[in-house]
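> First residue of the sequence shown: 0, per numbering that gives the first Met the number 0; consecutive thereafter.
Backbone N, C-alpha and C fix where the C-beta goes; we use that ideal spot for every residue, glycine too.
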Amino acid sequence: MPNHEHGHDMQWMLEQLRLGMSAGIYPAGSWMRQDSLAENYQVSRFLVRGALERLAELGSLEHVPNRGYRVRHWQYQERLALTEARISIELALIPLMMARQTPEGLIKAQRAQDQFEAAVTSQDGPAMVKANHQFHRALAALAGNEFLAHQVNWLREQGLQGAGPGWPQTGGLERSIEEHRLMLEALLSRDPISLQQVIQQHLSAWKQRHTIAQDNTTTDSGSTILAPI
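1) Where does Y40 fall in DSSP's three states?
2) Once the 5 residues before and after Q114 are set aside, which same chain residues still bring their CB inside 6 angstroms of it?
3) Let me make sure I understand the geometry here. Which of M12, R17, L13 and D8 has the alpha-carbon closest to that of H132?
4) Between which residues of its own chain and R71 is the CB-CB distance below 8 angstroms, once the five residues before and five after are set aside?
5) Taking three-plus beta-carbon pairs below 8 angstroms as touching, is the segment 45-57 in contact with the segment 93-106?
6) Taking the C-alpha atoms as reference points, what is the distance between R136 and Y68?
7) Taking the alpha carbon of L186 as the point to measure from, which residue in R99, L51, E173 and L79 has its own alpha carbon closest?
8) Use the C-beta contact count for W205: other C-beta atoms within 10 angstroms, 16 or more gives buried, fewer gives exposed.
9) Roughly how many angstroms separate the alpha carbons of S121 and L13, rounded to a whole number?
10) Give the DSSP-derived three-state secondary structure of H72 in the structure shown.
11) Looking at the strands, I want to know which residues DSSP matches up with E61.
12) Starting from N131, follow the alpha helix (DSSP H) in both directions and report where the run begins and ends.
13) Let me know if V63 comes out buried or exposed under the rule of 16 or more other beta-carbons within 10 Å of its beta-carbon.
14) Please report the distance separating the alpha-carbon of Q195 from that of L90.
15) Could you check how far apart the C-beta atoms of V128 and S203 are, in whole angstroms? I think they sit under 8 angstroms.
And the structure:
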């Protein structure tokens with residue numbers, strides 16, 4: 000069993016669990032079993048327990064006495080509030096992104112976008128989720144403020160836990176690709192107004208998908224895939 004006991008590996012464990020929750024591997028309401036997680040990630044139960052405790056402190060998990068840890072499910076109104084908070088912070092980041100962006104940071108975001116588009120072409124759902132996650136993290140990092148970026152990332156991940164199905168195969172993926180491209184173009188041209196508009200549009204798209212999902216509660220299993228934003 001690999002040694003994952005020091006602080007760096009705690010961060011690694013937290014990252015794996017956060018990615019798993021964002022990707023729907025651990026959906027809202029599911030129980031996080033320490034034994035299973037330790038076996039899946041080839042780490043000790045001590046490390047898993049520490050990561051679960053930390054995620055509970057952050058609000059990503061619920062600790063139920065005598066039961067364990069459960070992935071928190073955000074209700075629709077709560078997710079609206081999360082989105083409102085995220086939009087407010089991301090719009091506030093735009094002046095910092097314009098002033099502090101670096102060629103290296105933009106390359107990282109573009110690389111993640113290229114991976115996202117490749118995953119869409121191959122219809123690789125897990126790769127789509129991972130690349131989309133990396134893209135939005137790379138954008139937040141352009142502001143050059145670790146604390147604000149962390150807050151944006153946390154808000155995004157929490158919103159995903161109440162997302163449900165989305166990214167309709169007809170148009171949804173293409174829309175995400177186009178909006179990502181527009182974000183990068185606005186950054187490259189240092190156009191804060193365009194960036195503001197596309198961010199607001201992109202972060203609010205889930206509400207339309209939610210309405211569609213409510214209107215089509217019984218759909219073909221291949222009609223939608225998990226839709227992070």
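In terms of the structure at hand:
1) For this step, residue 40 is matched to residue 41 along the sequence shown. Correct three-state label for Y40: helix.
2) Residue mapping note: residue 114 aligns to position 115 of the sequence shown, counting from 1. Result list for Q114: A130, in chain order.
3) Here residue 132 is taken as the residue at index 133 of the sequence shown, counted from 1. Answer by Cα proximity: R17.
4) To locate residue 71, count along the sequence shown from 1; it is residue 72. So the list reads A27, G58, S59, L60, E61, Q157 and Q160, once near-sequence residues are dropped.
5) no
6) Taking the sequence shown and counting its residues from 1, the one referred to as residue 136 is at position 137. Taking the sequence shown and counting its residues from 1, the one referred to as residue 68 is at position 69. The alpha-carbon atoms of R136 and Y68 are separated by roughly 26 angstroms.
7) Walking along the sequence shown from the start, residue 186 turns up at place 187. Of the candidates R99, L51, E173 and L79, the one whose C-alpha sits nearest the C-alpha of L186 is R99.
8) As a first step, residue 205 is located in the sequence shown; it is residue number 206 there, counting from the start. Its Cβ being crowded by 16 or more others within 10 Å, W205 is buried.
9) Stepping through the sequence shown from its first residue, residue 121 is reached at position 122. Stepping through the sequence shown from its first residue, residue 13 is reached at position 14. Their backbone Cα atoms lie some 29 angstroms apart in a straight line.
10) Within the sequence shown, the letter at position 73 stands for residue 72. Reduced to three states, the DSSP call for H72 is coil.
11) Indexing the sequence shown from 1 puts residue 61 at position 62. Answer is R69, bridged to E61.
12) If you number the sequence shown from 1, residue 131 lands on position 132. It spans G124 to A140 - the alpha helix (DSSP H) in which N131 sits, taken as one unbroken run.
13) Stepping through the sequence shown from its first residue, residue 63 is reached at position 64. Exposed, since its Cβ has fewer than 16 Cβ neighbours within 10 Å.
14) Here residue 195 is taken as the residue at index 196 of the sequence shown, counted from 1. Here residue 90 is taken as the residue at index 91 of the sequence shown, counted from 1. So the two alpha carbons sit approximately 6 angstroms from each other.
15) Numbered from 1 along the sequence shown, position 129 holds the residue referred to as residue 128. Numbered from 1 along the sequence shown, position 204 holds the residue referred to as residue 203. 20 angstroms between Cβ atoms; not a contact.
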